[in-house]
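Chemist: Sequence positions in the sequence shown follow my numbering and run 754 to 1670.
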Amino acid sequence: MSSILDKLKESRDVILLAEIGAYLHDLGKATREFIEYYSKDYSAQNKYMHHFPSIFPEKLREILKGIKLSICREEVSLMDFIEKHHPEKEEGGKRRDCEIPPIIRLLYAGWKGYDGIDSGLDKGKVMSREEVGQRKDYTFIATAFGYEFKKIELDKIEDITKNLWDIVKNALDQFNKDKDIGKLRKKIIEGTEEYYRYFLGETRRPANDVTLWDHSYSVATLVKCAVAKNVIDCSNASFDPLDFNWNVLSIDFDVLGLLAKGVKLGDTLGYWSRIEEAFNKVKEMVEVKYPIGNEIYRDTTGIFFLVSDIDLEELKNLILEELRKIEPELMPKVVIEKIRYSNFNYGFTCKSKEEDIPKEIKQKREDIERKKKEELKDSLPLARESALQEIAYPISYERFYYNEFGKYDWKSKEICPICRLRPMDENSDGCEYCLERRRKRASKWKEDPKNTIWLDEVSDKNDRIALIVGCFILDRWLDGSFIMKTLMINDSDKKNTSPARIRRCWETTQEFIHSTIFDNILKNWQWKPDIRRYRIQFKIEQNPDIPEESTCDIDVDGIRFSPVCIDKRNGIFVSTINLELLSRYGNKLEEILSKLDGKKIKIKTEKDRIWKEGKIVEARPAEERYQNYLPYVRIYDFPDQFMVLVPAYESLDIAESILREYEKQFSKVRDRLPLHLGIIAFHRKTPLYVAIDSGRRLLETFKERTETKLAEIQDIQDVQEIEDVALKKSKELTIRAESYSLTPLKWKISYSTGDPAEEDRWYPYIRIENNGCEELRYINELKKGDKIKIEPSYFRLLYLENTADRFSVDEDLRPLDCIRRLKELWEIIEDRLRSRTWSTSRVYAYWEEIKRRRKSYDGPTFEKFVKAALVNILKIKPQDGNLFDLFFQSTMDCSLDLCLYWNFQVRKIKVREGGGI
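(1) Taking only three categories from DSSP, how would you classify V1562?
(2) P840 by DSSP, collapsed to three states: which one?
(3) Applying the criterion that 16 or more other CB atoms from any shown protein chain within 10 Å of the CB defines a buried residue, is N983 buried or exposed?
(4) Determine the contact status of I751 and C1305, defining contact as a CB-CB distance below 7 Å.
(5) Report, in whole angstroms, the separation of the C-beta atoms of R1286 and Y1382, which I expect to be a contact under 8 Å.
(6) Contact between the segment 1459–1478 and the segment 1044–1055 is defined here as three or more beta-carbon pairs at a separation below 8 Å; is this criterion met?
(7) C1258 and L1231 look like a contact to me (Cβ under 8 Å); what is the Cβ gap, rounded to whole Å?
(8) Start and end of the alpha helix (DSSP H) containing P1613?
(9) With 16 other CB atoms within 10 Å as the buried threshold, where does D868 fall?
(10) Have a look at I1676 and Y776 and give me their C-alpha separation to the nearest angstrom.
(11) Any chance you could list the beta strand (DSSP E) runs of at least 3 consecutive residues sitting entirely within the segment 773–847, in chain order?
(12) Hey, how far is the Cα of E1029 from the Cα of I1063?
(13) Take the Cβ of I1293 as the centre, count every other Cβ of all protein chains shown within 10 Å, and call the residue buried at 16 or more, exposed below.
(14) What span of residues does the beta strand (DSSP E) with P1400 cover, start to end?
(15) When you compare the CB of D1005 with every CB in chain B, is at least one pair closer than 7 Å?
(16) Could you please give me the residues that DSSP links to D1306 through a beta bridge?
(17) I need the straight-line Cα distance from K1180 to R1194, nearest angstrom please.
(18) I1072 to T892, Cα distance in whole Å?
(19) For Y1024, is the classification buried or exposed, using 16 other Cβ atoms within 10 angstroms of its Cβ as the cut-off for buried?
(20) Between I1532 and P1517, how many whole angstroms is the CB-CB distance? I'm expecting something under 8 Å.
(21) Grab the span of the beta strand (DSSP E) containing I1221 for me, first residue to last.
(22) Taking only three categories from DSSP, how would you classify N1524?
(23) Tell me whether L1334 is buried or exposed, calling it buried when 16 or more other Cβ atoms sit within 10 Å of its Cβ.
(24) For V1443, which residues of its own chain have a beta-carbon under 8 Å away from its beta-carbon, when the five flanking residues on both sides are left out?
(25) Return the CA-CA distance between F787 and G1233, expressed in angstroms with no decimal places.
(26) I need the straight-line Cα distance from D1244 to E1528, nearest angstrom please.
(27) For my contact list, L1451 and R1387 are in at a C-beta cut-off of 8 Å; report their separation, rounded to the angstrom.
(28) Quick one: grab the DSSP three-state call for E1366.
(29) Please state whether the Cβ-Cβ distance between E700 and K1124 is less than 7 Å.
(30) Do you know whose CA, among E1119, D1646, E1371, lies nearest E1343's CA?
(31) Could you give the first and the last residue of the continuous alpha helix (DSSP H) run that contains F928?
(32) Just how far apart, CA to CA, sit E1040 and C978?
(33) Per the contact definition of three or more C-beta pairs closer than 8 Å, is the segment 1407–1426 in contact with the segment 1198–1216?
(34) What are the start and end residues of the beta strand (DSSP E) that includes C1318?
(35) Closest by CA to L758, which one among F898, L1002, D912, E1067?
(36) Could you please give the first and the last residue of the uninterrupted alpha helix (DSSP H) stretch that includes D1584?
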C-alpha cells in the first residue's frame, strides 16, 4: 500500500494544476475594463463579465482550454476555472447549480465554494458603485488599514495586462513542451505576483484593500487542500466544498533565542541564513514536493501552513529530518492545529444538470458555511498560541538531538562560546562547525559587499552602535476582532474577516517594514560624512596567511579593527571599519592613506596567542565594488517585528522618520494598532549577544505592556495646510491618558482617501467608553470630553553601560510620541547654545541641580524648585508660555534628562557656541 507521501508525489502535477487553475480564476479582473465598469462615473450600458472567454487573446484562450486535469475521474480545463466559476454564460442564460463541473464547484459560490467564502468575507456588504464606487481616474488600492497608497493609472493598465497575459501564455506554452510542473507553478504564481498586486479583487470602497493577489492566493490554497485530500483516496472523493476541513501545520522554534547566541555579527547573520534556509526548505516540501497546502504566516515563533485534513505524521518526521541536516540547533517542534466543523445535514446530490440546489438546503448550507468561516478565521491565532507554548520550553528530549551533539571527543577541549553545545580547541574563537557557518556568511558578503556584515563599519565616530527594535501587536487583527471594528457606513455593515483580508493585515505591516523602513528610510539615508562609507585596501607584511573572507585583528596606534582578506596569496586586505575612527590621520581619504602606508602595526590571527609585529604597505582606495557600503545591518524582519543595527549617532533621527511614516500610513487605526520602538545603544566592543538579548527582552516587555487604556479628548481641531494628500483631511486630537503619558498627546487622525473629492467613511472610527459600554464613533462625530480606548505605543531609549543593563530594559518605557519631544527639546537647546543664549556649563548646571534635588525633595517641593530653576538658571519664564510648559513637563517626567544624556554623553555632541558642532 502506497504511503500518503507517495500518493502526493504521484499526483503532484494534478494538484498543482488545480492550484494554478484556481489562482487564475479571476484573471479577467486584471483589465482596464473591469476598473472602469465598477467606477461610479461609468456611463456605458454594456456589462463587463470578467469570466467570459472572449476577453482574452485567442492564443491564451486556446492554451487555457487545451490544458486539462483529471481528479478522481472528473476532468476540467484551466479555462473552466475562469469561465465556469460564475453562472452567467457568454452565449446567454445562466448555468444551473448542477451544470457546474464537479471540480469547479470547489470554487463556485452557489455551492458555497472557496471563491465565495473568501470573496464574500472580503467584501462584506458592499454597496452599489454609485454609492461607494471610485472614480475611474481616482481608483486607489488601500492598505488593510485604510491608507490609499497606490493609484491605478489607467493609461498604464493595458501594457500591464498584456505583460501579465504574456507571462501566463508563455509559461503554459513551455509547460506543454517540458511538463515541468514546478517551473510552471513558479512562473505563474510567483512570476505574476507583482502584476496581480496592481489590481483589485473589488474596486468599491472599502473592499479596495484586498488585491487580486491576496484573494487569488487564498482561493488557490483552499482548492489545493481539497484536491490533495481527494487524490489520496479517490474512493471517498468529494467535490462539495463544505465536505472539507483543514489543519494548520506549524514548524516552531525560538528564532530570537537562536539569533541571540551569536558572539560576532557573522554568527548572528549565519544563524539567520540557516533559519531562512529552513523556512524555504519546509515551504518547498509542503507546497511543491508533497503539495498539501500553502504558507499563510511566519514570525519569530516559526512558519505556518494551511494544509489538507490528512494524516501528517509521515511528513512531520521527514521535515524534522531535513531541518536537522540544515541546522541541528534549530530543535524544531512540528505542531498540527486541527480546523474542524462537521455537520452532515446539508448534502445534495445532482440527478441531472438541469437541477438547482433546493432553497431549504441552501439555507442549511449557508449556516454550515458561516461556521466553517469562523473556524477558518480562528485557525491562525490558535496555531500561534500553540507555537508560543511549545517554544516557551525549547529544550526537551524530543527536540534535543543527543546523537548529534553527544558524538564529540571532549578531551582537552573547551565548550564553544557560540553554540554552547560542541567542543573547541583551547583559545579558539569557536568550534569548527560554528566557525564554518561564520565563514560561509563572509563568503556571501564578498558577492555583495555594499551590504556590510561588519560591526566596525556600522559604528559611529564615537565607536557606538544602536540596535533598533520595532514591533506591531497584530494579535487582535489576526484573529479578526479589530477588523470587525472597521465599519462600512453603519454597524450592520461591519467589515468582515477572510483569509485574504487577514493576510492583507500582516502583509501591510510587512510591507511597511520591508519597503518603508529598509528600502526607503535606511537605504536612502544621507549618511554623513561621505568618508564613513569608503573602504581602503592594503597589504600586510608579513603575510598573515589566513583564508580569504576571514579576518584578523590589527592594532594601529591603539585603534583596533579587523580587516578582511580578499587575496590570500598576495596578502591583500580590505578595511572593515568606519574611517571616521581613523580621523587622527586626517579627514580625507588621501590623508588617511598617506599616514597608513608604511605604518607599523600589531597583528593577531585566530591561531595566535600573542600579538605579532607587522606593517601596512600599498595602501590605496579599495576597488569600486567595495565602496559606498550601507552602514546598517538587518538582523531580521517579520510581519510583526524587526531588528536592525545602525550607527548610534543617527539612530534617534531614524526612529523619528519611522514614527513620521507610521503616523501617516496607520493614522486611521493608530488607536488600535500600536507600533513599539526601542533604541539600544552600545559600544562596538560589547558582545553582540548582549545587545540581541536586550532587544529580545524589550520586545517581550512591549508585548506584556500592551493593553487597552482609557484616554480623554481634551481638544479637537481641524488640521490645516497639509500638503500630503493622505493627511489632507484630518483631525488633531489632544488626548490625555495619565496611566500612559504624563503629558497630553497630539494625534492626527486622517479621514482622507486618495480622491480629494471623497472622505473616508469607513476606517477612522474610535472606540468610545459610554456608561461601561463600548461604542464606535466616527472621527467627525467625536467631541471634547469623550472617553476613548487606545492601545498605547511605547518607546525605549537606552545605552548599555555594562552587560547587566540588559536586565533593566523593561524600565522607563515612554510614549512613542516622546521621540518627537526629544528631538524638539534638543533643537531648542542646540539653537540656544549656538546663539550663545546659553552656555554648555549653564545647561549642565541645571541638569545636575535637577538630578540632585529630585532625590531629596517631595513632589510639590520639587515642582516649585523646577519652576524656580527654569527662571533662575535657564532664564525661561512662565510668560514664555509653551516653551516654559515644554521644559517644565520634560523636567518633571525626565524627558529632558534623557535628552541631555543621549546627546551629551552617548552622541558626545559638543556645540560650538556661536558656531556648529
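In this text, a Cβ means the ideal position worked out from N, Cα and C, and glycines have one as well.
Modeler: In short, the structure shows the following:
(1) Within the sequence shown, the letter at position 809 stands for residue 1562. V1562 falls in the coil class under three-state DSSP.
(2) Here residue 840 is taken as the residue at index 87 of the sequence shown, counted from 1. Three-state DSSP puts P840 in coil, outside helix and strand.
(3) The residue you call residue 983 lines up with position 230 of the sequence shown. Burial call: buried.
(4) Residue numbering for the chain in the displayed model covers 754 to 1670; residue 751 lies beyond these limits and cannot be assessed.
(5) Translated into positions along the sequence shown, residue 1286 becomes position 533. Translated into positions along the sequence shown, residue 1382 becomes position 629. Right, their Cβ atoms sit about 6 Å apart.
(6) Per the Cβ contact rule, the segment 1459–1478 is not in contact with the segment 1044–1055 (fewer than 3 Cβ pairs under 8 Å).
(7) Numbered from 1 along the sequence shown, position 505 holds the residue referred to as residue 1258. Numbered from 1 along the sequence shown, position 478 holds the residue referred to as residue 1231. Sure, about 7 Å apart at Cβ, within 8 Å.
(8) One-based indexing of the sequence shown puts residue 1613 at position 860. P1613 -> alpha helix (DSSP H) spans 1612–1625.
(9) Numbered from its first residue, the sequence shown carries residue 868 at position 115. D868 is buried by the Cβ-count criterion.
(10) Within the shown structure, residues of the chain are numbered from 754 to 1670, placing residue 1676 beyond reach of any answer.
(11) 821–824, 827–830
(12) Indexing the sequence shown from 1 puts residue 1029 at position 276. Indexing the sequence shown from 1 puts residue 1063 at position 310. One C-alpha to the other measures close to 27 Å.
(13) Residue mapping note: residue 1293 aligns to position 540 of the sequence shown, counting from 1. That one is buried.
(14) Position 647 of the sequence shown, counting from 1, holds the residue named residue 1400. Element bounds for P1400: 1394–1400.
(15) The structure shown contains no chain B; it is built from a single protein chain.
(16) Locating residue 1306 in the sequence shown gives position 553, counting from the first residue. DSSP output for D1306 lists K1357 as bridge partner(s).
(17) Taking the sequence shown and counting its residues from 1, one reaches residue 1180 at position 427. Taking the sequence shown and counting its residues from 1, one reaches residue 1194 at position 441. In the sequence as presented, Lys is not what sits at residue 1180; that position holds Asn. Taking the straight line joining both Cα atoms gives about 22 Å.
(18) Looking up residue 1072 in the sequence shown gives position 319. Looking up residue 892 in the sequence shown gives position 139. The straight-line gap from Cα to Cα measures roughly 45 Å.
(19) Position 271 of the sequence shown holds residue 1024. Label assigned to Y1024: buried.
(20) As a working mapping, residue 1532 is identified with position 779 in the sequence shown. As a working mapping, residue 1517 is identified with position 764 in the sequence shown. Contact flag correct, Cβ pair sits at about 4 Å.
(21) For the purposes of this step, residue 1221 is identified with residue 468 of the sequence shown, where counting begins at 1. 1217–1225 is the span of the beta strand (DSSP E), which, as asked, contains I1221.
(22) If you number the sequence shown from 1, residue 1524 lands on position 771. Residue state, collapsed to three classes: coil.
(23) Taking the sequence shown and counting its residues from 1, one reaches residue 1334 at position 581. Buried.
(24) Sequence index remark: in the sequence shown, residue 1443 carries index 690 (1-based). So the qualifying residues of the chain are F1435, L1553, T1556, R1559.
(25) Along the sequence shown, read from residue 1 onward, the residue named residue 787 stands at position 34. Along the sequence shown, read from residue 1 onward, the residue named residue 1233 stands at position 480. Near 29 Å, if we compare the C-alpha coordinates of G1233 and F787.
(26) Taking the sequence shown and counting its residues from 1, the one referred to as residue 1244 is at position 491. Taking the sequence shown and counting its residues from 1, the one referred to as residue 1528 is at position 775. Reliability of the predicted coordinates at D1244 is poor, the pLDDT of 48 falling under 50, and no value is obtained from them.
(27) Numbered from its first residue, the sequence shown carries residue 1451 at position 698. Numbered from its first residue, the sequence shown carries residue 1387 at position 634. Actually they are not in contact, since the Cβ atoms of L1451 and R1387 sit about 18 Å apart, beyond 8 Å.
(28) Along the sequence shown, one-based indexing puts residue 1366 at 613. Correct three-state label for E1366: strand.
(29) For residue 700 there is no data in the structure shown, the boundaries of the chain being 754 and 1670.
(30) Within the sequence shown, residue 1343 is the residue found at index 590, counting from 1. Checking every option, the nearest Cα to that of E1343 belongs to E1371.
(31) One-based indexing of the sequence shown puts residue 928 at position 175. 907–931 is the extent of the alpha helix (DSSP H) around F928.
(32) Position 287 of the sequence shown holds residue 1040. Position 225 of the sequence shown holds residue 978. About 10 Å.
(33) By the criterion of at least three beta-carbon pairs nearer than 8 Å, the segment 1198–1216 is not in contact with the segment 1407–1426.
(34) For the purposes of this step, residue 1318 is taken as residue 565 along the sequence shown, with counting starting at 1. Note, C1318: beta strand (DSSP E), 1317–1320.
(35) Translated into the one-based positions of the sequence shown, residue 758 becomes position 5. The residue with the shortest Cα to Cα distance from L758 is E1067.
(36) By one-based count along the sequence shown, residue 1584 stands at place 831. Looking at the DSSP string, the run of the alpha helix (DSSP H) that includes D1584 is 1571–1587.
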